Every structure is written in C-alpha cells, then in structure tokens.
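Residue numbers (my numbering), protein chains in the order written: chain A, 1 to 539; chain B, 1001 to 1301. C-beta: ideal position from N, C-alpha, C; glycine also. This one's a predicted model, so the numbers in the text were calculated from it and none came from an experiment. Take a look at the structure below.
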C-alpha cells in the first residue's frame, strides 16, 4: 500500500519497525549501516501484505468463546480449534445434546452463540428444540445478530414470561404461545436474570483480551478496535498490562464510550486515558451511538421509513445531546466515531458535526461515521465537504442483504446499502468492518463483501457502481482503517520507518481475484517484528 | 412457593427540558420513608443538596434518607442487573428515561423479570414546547409515542404558558388519551403518591384530607364492601380521581384495589384487610365530607 513501491521481494525488520522494503540488491545497503541481517526465507513463496486493521470490532468477541459456538459457518476459536458450521436446526440441537451429555456441571446454564436463523428458512428454532437438550437447566442460544435469543421452557418458567402481555419482544405462535424466541435486549436481560450470568459484561478481563487478539490474529489482523468501552476508573491498568505483554499478538485501539459521563467529564477522562497510551494500546477516540440497527427496525430512516411499514426506529441519544458531546470533544481535539445506521440518523449527525465545527473549527478532526449503511451520494458529498470519514458495515451485504431487499429497505434502497463505491467516488476516506462479534471477524471476508456485494442467497445488491475493486478493498482494510484511526503514519502500509506489522497470506489476493478473496488462507502475522503462525499452518 | 419481593417500577418519560429532573429531585428528597432507587441519565443535572448526600461511590449516590441514585450511562440493562441484584431490594425503582426513549420498551423489563412490577409510565409534557415537539421533523413520532404510553400525563411549566394554550393542550391530550389522568406540575412539585402509587401509604392513623401542591389527598378506613361496588363508586368519580388504593374485605376475601394510570385493578391480599383507603385527585374532587358519604354507603352510588 506504499504508492512509491507497490510490490517488493524483500523486507528488512529491526527493533519492531521496517528498516526497508525492496529487492535482494537493497540488502547490502541496509547492512552497511545496520549490521548483518539474517535472511529468512520461510515466507519466500507467500504473499506479505500490511497487517490488516479491523476498524470496528468489539472485545466481546473474545468473551463468547467461553460459550459454545453453533453458527452456520466453520469458525476458528482462539486456540485454533475449528468449530464446524452446523447446517440445520437439528444439527444445532444434536450438537447441544452432545455438549450437555459430555459436560460435568449439568445443572449449570448451557449457553451457545452464533446461531443464525437466516440460513434455516423452513422453520424457526423453538423451546421444544431446546427442551430436548435439557429440561432442568437453562439452555440459551444467542443469535449471531446479538439481537435475538432462544430459550428453553426452564428459562421461560423461571422468568415467568409465559403470561406476559408484552408481545413486542416475545415471539408467539398462531395460538399465542411463546415460542421461546426473544427479541432485543429484554431477551438478554431475562436470560441474565434467570441464569445469573452477565452475558454482556464489560469485556476487559485479560483472558478475554487474549482470546479476542487470537481470533483476530488468525485472520491476518495486526490492529483491532474495541469500538465502545465505558472504561471504568482504573480499568486501563489491567488492559495495559495484558496488551503490553510481549506475547500479546496484536495492537488494540479502544474507543471510549462518550455518553458514559457528561461531556466535560468525558473530555477529562479521555485526556487521562491518553496518558496510558503505549506502542500496542491506544485510547485515541470516542464512540457515540445515535440510533439502532436496520434489521432490528431501530435505525432512524428518512421517509418512507421501513419497506414493510414498520414504524421508524429509535434515537439512542437526543440529537441535541449528541450535538453537545460533539462540540465538547471537538473543542478538546478528540476524534469522535458516531454509530449511525439509518439515513435520517446520518443526516442529523452530519448536521451536529457541522454545528460543532462551526463552533470549534478543526481542519483534520477526522470524525467518522460508523456503519452509515444507508448513506446517499448527497450524504457522502457532505461528508467530503466536512472532512468526515466513513467505516461501512460491508459484512451486512452478505448476512442481511436478503432481508434488506425483501423486508427492511426494499430492492431500490437496498441497492445503495453500504455503498463503498459511492463513498470513494465522492472522495470520502473509506474503511470497512465486521462489527465482530455481530459478524465474523475476517478482513478478507469483509473485503470480499465490499467487492462482490453478494447476499447469502446469492443476489447482487446494486448495479455495480457500489462495488469496489480488490485493490480498493485491500486499501480499505489497511490504510483506510489506519487513516480512520489517525494511525496512517505508523501502520497500514509496508514502508521504511513504519511498524513491522504484516499479514502473511498463502496467495496473492490480486492474482486470486474478487471471487475467491475470502478463501485465501492466512498463514500468520508479524506484529512489531514478532511472527505469529496460525495453528496447523507452517511457514 | 417461596415468597419473592416484587419492586414497583415507575418510568418518568418526556423530552429534554420537560422537567423530569425537577420531578425526580422532588420525589427523591420527599420520599416519605420509601427507599427509592432512581436510575438517571445524569447526576450533575439532578443538583441534590450536598447535605442530603450520604455517600458518593462510582456511578452511585446514596442519600441520607435511604434513597439511591445511579447513573445509567447508556446501558439500562446493566443498571437493571446491578439494581436487581441488591439486597435488600429497593422499595421502588424510578427510571428517568432519556428524552428519546420509548417508555413502553423500558416497561418491558418488568414483564421479563418476575421481581419487577410496572407501577406506571409518567410522561411530562412541556406546556410551552408542545407545539414545537409535536412538529419536530426528527422527533415528533417519538414524542407521540411517549404520550401514547403514559399512564399519567403531567403538564409541566404551566406557569409559563397562557391560559388559552394550556386549555388547548389539556383538551388535545384528553382527546388523545381519554382514560389517562392529566395533571399540571410546577417546579416538579406534586404529591409523591400520585407518581409512585400508594403502596407505602398504609399507615393511616385517622381520616384526613390535605391539599398538597394543588392536589387533594384523602385517607380513611372503610368497612368491608364488595369490590364491584367500590369500583363502581370510583368510576363515578372519574376524571377527578387520579390514584386510589384500598385494602378491603368482601365475601371473596381480602383484596387490594389499585387505580393508577386510568386503570382499576384488584388482586387478592394475603393476611387481614386493614380497611385503608387512599385517594388522590384534582381539587375538583368532592370534599372529605362528600367522599365519606359516598364511600361509607354500602350500595353503589
């Protein structure tokens, strides 16, 4: 991604940084000043790319591996174990039965995650399915979206929800019986109250951090974000200790949860956090959440709102208060990333950013809209004018593309979902992301989504103008993300002086091409000069 | 089945600047023996007198009167988890919803937690800003939902609006929510029982009536009477009665009656019926003598 030298055969590393990139002839030159360099040919037949940067993920990904993965796709755990994808509801139930039969504490809650009903169109999972796993302990299956969960009758009885009249979050069958499926955060609350397990605890234990780093590392990631963390007083110390450890295989950028305190206090807390910054751990930005999700019908949309007639979604903060926060952080010179899903939310957030910038001009603020899934060309033009960047949720195209065409947005508006091509055409700095654990963390898959724009049923979203090239997608998952984090002078490309962060791939993505981009095998990574090889792969 | 404590939940909803914080401040400082836990968006705005604060710890403030105030910090679920794991549980939980929250969604917490009971949703309507809010290009739908979800509508800052505006607003709200009591509130002042129900008002030494912040409260003891009769008498007093609670006896046994948010409900009462009866209403409600007459008759009026 170095424009002066897009391709090279040799790279020299010293003290965690890149000494030089070039050809065999350059080696002598490097050695003259820096002493002998040992030539390592381990990766001579591999492709080295700048380490991938996941600009929107959550450390919670690391926590879920304490539970049992039951997703549709194979997924690699932090220890390198591959959890095979389960291709039907029956396979999921059988897997849970097997887990229940083999575990020691059979009365403890059994919690699984990653279940994705979009792949099972014939029927939905119900309480009877999970009763067949166990009737005398809680059995809870979290959906991949993190917006829905299934529970067995044990949970429903403990929570006393069978007679509850509130139907917004309890799915009922035609006879009015609760099916065991719960929507939104209330389902989580119920599961947590009945099991006593905090499923969504602030993910900051050292084990969680290490798990998260290992999951990311296996996909070629050398820098990932924890894109919202309330950072209770003192929590940075344990985090610093874990991340700064020599064998911690990744850099971590933590976004402070802006509205966890009042604007002025938040500014002070950010300034305090920044004194804990190190080579591998950064507190450099603030995250604000302005609306909900499209598939959860809680994103704020412009008229005519939802395709299926559902009422417009939710503001997660008063626009006026969002404006207050943006002003305070802008005045203090602190970068803000704002979660906006619906187009109305994007528009209002741009209004508020504009107000903040009129009050406190700041040429290179680089405030960034995260997700920003329904932005129009008009929005991108404004973003360009205001100096606002975008990090699009490209994985959505695949996971919820069909739902957006048929239910939430309709075919016309779904065409412009996560319009990476539009962003680049209008000159908006672009990154793309997974929002792990909402979808699987794997930048090459995210790149594949942005390049191909295929839904899980194989439908192409848009007319081609929204697609980006393989090169553009690779840029987005390296330099694009680095730029969004204001780290482009340190990471994101392989060039002399930058950090020695490398993704080691079995094949060259340009040669492999658009279609098979996601299938490229990641051999390992180098982070600050240290090599980490994936289990089962050899150099 | 073992006894479980059930905590009533009150949600205070309304736009930014509608007076939620003033109301909450009043409720917390005049809690009348209730150990209230309030979940708020922002401590700072609450502006509680320093001398009333007993302890400040992280995201929690404990008041000298036993009330606790904790900041939600964007995570209502986590706040609920923390509060509901306390022992003993609070007597009452109040949530100060954000200006854009849908209170009916927050109420959902009570339906998935057997230890929570929704006492009511109180929505504040700013007398002077109603027209602006109901026409806001981005927030009007939200505003309508907050009014729609209310069990009690409080018109705040009536002193800042002229009489015609106030009357129009009153009529508009009454048309939209015909069964929901509507009252006016100045500087957050109103009888605490109007907002928080009458659960703690069991200790009645002798019948009395008081006018507090422009509302009338009447408390007495009543002889046993059929619940249908009592309900019929209360129905006749609408719309002047805003809340009522009775613990009485009839042929079916001891029962508790609640009138809150325009709904009358009864449930069996464990133990002996005390005969306590409390009413809160508007000044237009019949006076104590008239009420005595109505409720001491053994036939429906």
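Residue 149 (chain A): beta carbon under 6 Å from a heavy atom of the ligand FMN?
Although the ligand FMN was asked about, the structure shown includes no ligands whatsoever.
Give the interface partners of residue 319 (chain A) over in chain B, defined as CB-CB distance under 7 Å, in chain order.
Here residue 319 (chain A) is taken as the residue at index 319 of the first chain, counted from 1. Those within 7 Å of residue 319 (chain A) in chain B are 1138.
What separation, rounded to the nearest whole angstrom, lies between the Cα atoms of residue 304 (chain A) and residue 316 (chain A)?
For this step, residue 304 (chain A) is matched to residue 304 along the first chain. For this step, residue 316 (chain A) is matched to residue 316 along the first chain. Residue 304 (chain A) and residue 316 (chain A): Cα-Cα distance of roughly 20 Å.
So, does the CB of residue 1119 (chain B) fall closer than 7 Å to a CB anywhere in chain A?
Counting from one through the second chain, the residue named residue 1119 (chain B) turns up at place 119. At least 7 Å separates the CB of residue 1119 (chain B) from every CB of chain A.
For residue 438 (chain A), would you say it is in contact with chain B, using Cβ-to-Cβ distances shorter than 7 Å as the test?
For the purposes of this step, residue 438 (chain A) is taken as residue 438 along the first chain, with counting starting at 1. At a cut-off of 7 Å between beta carbons, residue 438 (chain A) makes no contact with chain B.
Leaving aside the five residues before and after residue 457 (chain A) along the sequence, list all residues of the same chain whose C-beta is less than 6 Å from its C-beta, in chain order.
Mapped onto the first chain, residue 457 (chain A) falls at position 457. Shown here for residue 457 (chain A): same chain residues with a beta carbon closer than 6 Å to its own, the five before and five after excluded, namely 402 in chain order.
Cβ shell of residue 372 (chain A) (< 7 Å), same chain only, five flanking positions each side left out
Position 372 of the first chain, counting from 1, holds the residue named residue 372 (chain A). For residue 372 (chain A), where only same-chain residues beyond five positions count, the Cβ hits under 7 Å are 340, 346, 390 and 392.
Here's a check: name, in chain order, each residue in its chain whose Cβ is nearer than 8 Å to the Cβ of residue 470 (chain A), leaving out the five neighbours to either side.
If you number the first chain from 1, residue 470 (chain A) lands on position 470. Residues of the same chain with a CB within less than 8 Å of the CB of residue 470 (chain A), apart from the 5 flanking positions on each side, are 447, 451, 509, 510, 513, 514 and 517 in chain order.
Just to confirm, is the Cβ distance from residue 222 (chain A) to residue 59 (chain A) under 7 Å?
As a first step, residue 222 (chain A) is located in the first chain; it is residue number 222 there, counting from the start. As a first step, residue 59 (chain A) is located in the first chain; it is residue number 59 there, counting from the start. Taking 7 Å as the Cβ cut-off, residue 222 (chain A) and residue 59 (chain A) do not qualify as a contacting pair.
Residue 333 (chain A) burial status per 10 Å Cβ neighbour count (16 or more: buried):
Working through the first chain from its first residue, we reach residue 333 (chain A) at position 333. It counts as exposed.
Residues near residue 146 (chain A) in its chain [Cβ-Cβ closer than 6 Å; skip 5 each side]:
One-based indexing of the first chain puts residue 146 (chain A) at position 146. Counting only Cβ-Cβ distances below 6 Å, and skipping sequence neighbours, we find 438.
If the criterion is Cβ atoms closer than 7 Å, does the pair residue 543 (chain A) and residue 47 (chain A) meet it?
This structure leaves residue 543 (chain A) out entirely; chain A is present only between 1 and 539.
Cutoff 6 Å; reference residue 111 (chain A); Cβ partners in own chain excluding five residues on either side:
Start at 1 with the first residue of the first chain, and residue 111 (chain A) comes out as number 111. Once the five neighbours on either side are set aside, the close Cβ partners of residue 111 (chain A) are 67 and 140.
Apply the 10 Å Cβ neighbour rule to residue 361 (chain A) and answer buried if 16 or more other Cβ atoms are within range, or exposed otherwise.
Along the first chain, read from residue 1 onward, the residue named residue 361 (chain A) stands at position 361. Exposed, because fewer than 16 other Cβ atoms sit within 10 Å of the Cβ of residue 361 (chain A).
Can you find a C-beta in chain A that's less than 7 Å from the C-beta of residue 1014 (chain B)?
Counted from its first residue, the second chain places residue 1014 (chain B) at position 14. Any Cβ of chain A closer than 7 Å to the Cβ of residue 1014 (chain B) would place that residue at the interface, and such an atom is absent.
Below 8 Å on the Cβ atoms is my contact criterion, and I expect residue 525 (chain A) with residue 220 (chain A) to pass it. Report the Cβ-Cβ distance as a whole number of Å.
By one-based count along the first chain, residue 525 (chain A) stands at place 525. By one-based count along the first chain, residue 220 (chain A) stands at place 220. Sure, about 6 Å apart at Cβ, within 8 Å.
Closer than 7 Å to chain A by CB, residue 1099 (chain B):
On the second chain, residue 1099 (chain B) is found 99 positions in, with the first residue counted as 1. With 7 Å as the cut-off, residue 1099 (chain B) counts as an interface residue toward chain A.
Could you give the DSSP three-state label for residue 382 (chain A): helix, strand or coil?
To locate residue 382 (chain A), count along the first chain from 1; it is residue 382. Reduced to three states, the DSSP call for residue 382 (chain A) is helix.
Using only alpha-carbon positions, find the residue among B:1178, B:1057 and B:1097 that is nearest to residue 1075 (chain B).
Locating residue 1075 (chain B) in the second chain gives position 75, counting from the first residue. Closest by alpha carbon: B:1097.
Under three-state DSSP, which class holds residue 1218 (chain B)?
The sequence position of residue 1218 (chain B) within the second chain is 218, counting from 1. Three-state DSSP puts residue 1218 (chain B) in a strand.
Should residue 1120 (chain B) go down as buried or exposed, given a rule of 16 or more other Cβ atoms within 10 Å for buried?
As a first step, residue 1120 (chain B) must be located in the second chain, where it is residue number 120. Buried.
Residue 1283 (chain B) (DSSP reduced to helix, strand or coil):
Locating residue 1283 (chain B) in the second chain gives position 283, counting from the first residue. Residue 1283 (chain B): coil per DSSP, three-state reduction.
Spatial neighbours of residue 1040 (chain B) within its chain, please: C-beta separation below 7 Å, excluding the five flanking residues on both sides.
Along the second chain, one-based indexing puts residue 1040 (chain B) at 40. Result list for residue 1040 (chain B): 1024, 1046, 1069, 1071, 1072 and 1096, in chain order.
Partner residues on chain B for residue 113 (chain A), Cβ-Cβ distance less than 7 Å
Taking the first residue of the first chain as position 1, residue 113 (chain A) is located at position 113. Those do not exist, as residue 113 (chain A) stays about 17 Å from chain B at its closest Cβ, beyond 7 Å.
Runs of beta strand (DSSP E) lying entirely within the region 215–269 of chain A, each at least 3 residues, in chain order:
DSSP runs (the beta strand (DSSP E)) wholly in the region 215–269 of chain A: 221–229 and 251–257.
Residue 29 (chain A) versus residue 35 (chain A): straight-line alpha-carbon distance, rounded
Position 29 of the first chain holds residue 29 (chain A). Position 35 of the first chain holds residue 35 (chain A). Cα-Cα distance, rounded: 10 Å.
Expected contact under 8 Å - CB spacing of residue 1189 (chain B) and residue 1026 (chain B) to nearest Å:
Numbered from its first residue, the second chain carries residue 1189 (chain B) at position 189. Numbered from its first residue, the second chain carries residue 1026 (chain B) at position 26. Contact holds; Cβ gap of about 6 Å.
Give the secondary structure of residue 291 (chain A) by DSSP, where H, G and I count as helix, E and B as strand, and everything else as coil.
The count along the first chain starts at 1 and reaches residue 291 (chain A) at position 291. Strand, per DSSP.
Are residue 1134 (chain B) and residue 1143 (chain B) close, meaning C-beta to C-beta below 7 Å?
Translated into the one-based positions of the second chain, residue 1134 (chain B) becomes position 134. Translated into the one-based positions of the second chain, residue 1143 (chain B) becomes position 143. In contact: residue 1134 (chain B) and residue 1143 (chain B) (Cβ atoms closer than 7 Å).
Does the beta carbon of residue 174 (chain A) come closer than 7 Å to any beta carbon on chain B?
Taking the first chain and counting its residues from 1, one reaches residue 174 (chain A) at position 174. Not closer than 7 Å to any Cβ of chain B, the Cβ of residue 174 (chain A) fails to qualify, so no.
Using a beta-carbon distance cut-off of less than 9 Å, what residues from the region 1065–1098 of chain B approach chain A?
Taking 9 Å as the Cβ-Cβ cut-off, the region 1065–1098 of chain B approaches chain A at 1071, 1073, 1074, 1075, 1076, 1077, 1078, 1080, 1081, 1084, 1085 and 1098, given in chain order.
Residue range of the beta strand (DSSP E) that residue 1126 (chain B) falls in?
Numbered from 1 along the second chain, position 126 holds the residue referred to as residue 1126 (chain B). 1116–1126 is the extent of the beta strand (DSSP E) around residue 1126 (chain B).
In angstroms, rounded to a whole number, what distance separates the CA positions of residue 1006 (chain B) and residue 103 (chain A)?
Locating residue 1006 (chain B) in the second chain gives position 6, counting from the first residue. Locating residue 103 (chain A) in the first chain gives position 103, counting from the first residue. If you take the alpha carbons of residue 1006 (chain B) and residue 103 (chain A), they lie about 35 Å apart.
Residues of chain B with CB under 7 Å from residue 160 (chain A), in chain order?
Taking the first chain and counting its residues from 1, the one referred to as residue 160 (chain A) is at position 160. For a Cβ distance threshold of 7 Å, residue set 1114 of chain B lies close to residue 160 (chain A), ordered along the chain.
Using the Cβ count rule (16 or more neighbours within 10 Å means buried), how would you classify residue 15 (chain A)?
Position 15 of the first chain, counted from the first residue, corresponds to residue 15 (chain A). Counting Cβ neighbours within 10 Å, residue 15 (chain A) comes out exposed, since fewer than 16 surround it.
Can you tell me which of the three DSSP states residue 1070 (chain B) falls into?
Counted from its first residue, the second chain places residue 1070 (chain B) at position 70. Note: residue 1070 (chain B) maps to strand in three-state DSSP.
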